[in-house]
Amino acid sequence: MGPVLDLFDAAFLINADRDKARLDEAVLELARVGIEAERFAAITNARGNGNVRPEELGLTQSHSAVIETARQRGYTSVLILEDDVIFRDDFHDRWASIFSRIQPLTYDLLYFYDWHGTEQNGDPRLVNISGTLCTHAYAVSSRYYATYLLALQNYQQLGAVDQILLRLPAEKWAIVPNLVGQRGGTSTVYNCARSLRWSAVDG
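The working numbering puts the first residue of the sequence shown at 71, with every later residue one more than the last.
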């Protein structure tokens, strides 16, 4: 397998063993945009610790395990995807228009979205952000693996992985308007129904 989107060493798709339907939808979506990702079995047997629900802790541990795998394999960068990710219909056009600016970028975390961004249209651009929420599509550079792993181990009491990353000092960038969103359905972390969302403004 060559570089993912001509940029990342690998892509992982986090999916729980029990969620076969979500996997099928995700595989079709990734095939549509030409991304080959390795399925990574989500951790679903985590125990909550006080204010953190088992599902939140499992999500955090799943993302941490992906980065540990990337570190062990010597990947210089990795794209992490969750199984509810959806891509814009014109994703490839948007990606092509911004690729030359992403390629030389020095980053720790690169999000394919800014969850609280309100822009839906316009030419894609890179924005240096302090942080964002959700973790359905983002890349991590190898220079940040050690910090990432230590933080997710030490700060699990903060909640799910996005809450931890939000608070960490890092070189964080987002592509806006958002390239990706979250498919509608039942949240596997919060066990509630959600409609298709491209950003926080969608509910």
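Where is the CB? At the ideal position from N, CA and C, for every residue including glycine.
Where does residue i sit, in a helix, a strand or coil, going by DSSP?
{"i": "tryptophan 243", "result": "strand"}
{"i": "threonine 130", "result": "helix"}
{"i": "methionine 71", "result": "In this predicted model, methionine 71 has a pLDDT of only 46, less than 50, meaning its place in the structure is not dependable enough to derive any value."}
{"i": "arginine 267", "result": "strand"}
{"i": "isoleucine 105", "result": "coil"}
{"i": "threonine 258", "result": "coil"}
{"i": "arginine 195", "result": "strand"}
{"i": "leucine 235", "result": "helix"}
{"i": "leucine 149", "result": "strand"}
{"i": "tryptophan 190", "result": "This sequence places glutamine at residue 190; tryptophan is not what is there. Of the three classes helix, strand and coil, the one that applies to glutamine 190 here is coil, per DSSP."}
{"i": "alanine 135", "result": "helix"}
{"i": "leucine 175", "result": "coil"}
{"i": "aspartate 272", "result": "helix"}
{"i": "aspartate 94", "result": "helix"}
{"i": "alanine 140", "result": "helix"}
For the beta strand (DSSP E) holding residue i, just list the boundary residues, first then last.
{"i": "phenylalanine 78", "result": "Per DSSP, phenylalanine 78 belongs to no beta strand (DSSP E) and is neither H nor E."}
{"i": "phenylalanine 157", "result": "155–157"}
{"i": "tyrosine 181", "result": "179–181"}
Can you tell me whether residue i is buried or exposed, with buried defined as 16 or more other CB within 10 angstroms of its CB?
{"i": "serine 265", "result": "exposed"}
{"i": "lysine 242", "result": "buried"}
{"i": "proline 174", "result": "exposed"}
{"i": "methionine 71", "result": "Any reading at methionine 71 must be qualified, since the residue scores a pLDDT of 46, below 50, and its modelled position is unreliable; the value itself is stated next. That one is exposed."}
{"i": "aspartate 178", "result": "buried"}
{"i": "aspartate 159", "result": "exposed"}
{"i": "glycine 128", "result": "buried"}
{"i": "valine 246", "result": "buried"}
{"i": "glutamine 227", "result": "exposed"}
{"i": "asparagine 115", "result": "exposed"}
{"i": "glutamate 99", "result": "buried"}
{"i": "asparagine 119", "result": "exposed"}
{"i": "alanine 221", "result": "buried"}
{"i": "threonine 202", "result": "buried"}
{"i": "histidine 206", "result": "buried"}
{"i": "histidine 133", "result": "buried"}
{"i": "glutamate 108", "result": "exposed"}
{"i": "valine 210", "result": "buried"}
{"i": "glycine 251", "result": "buried"}
Under 8 Å from any heavy atom of the ligand NAD, does the C-beta of residue i make it?
{"i": "valine 155", "result": "In the structure shown, the ligand NAD is absent, as is every other ligand, since no ligand is present at all."}
Per DSSP, what are the beta-bridge partners of residue i in this structure?
{"i": "glycine 251", "result": "Ile156"}
{"i": "alanine 86", "result": "None; alanine 86 has no bridge partner."}
{"i": "alanine 111", "result": "Asn85"}
{"i": "asparagine 119", "result": "Val122"}
At which residues does the alpha helix (DSSP H) containing residue i begin and terminate?
{"i": "tryptophan 165", "result": "161–172"}
Enumerated in chain order, which unbroken segments of the beta strand (DSSP E) with a length of 3 residues or greater are wholly contained in the segment 198–227?
-> 207–211
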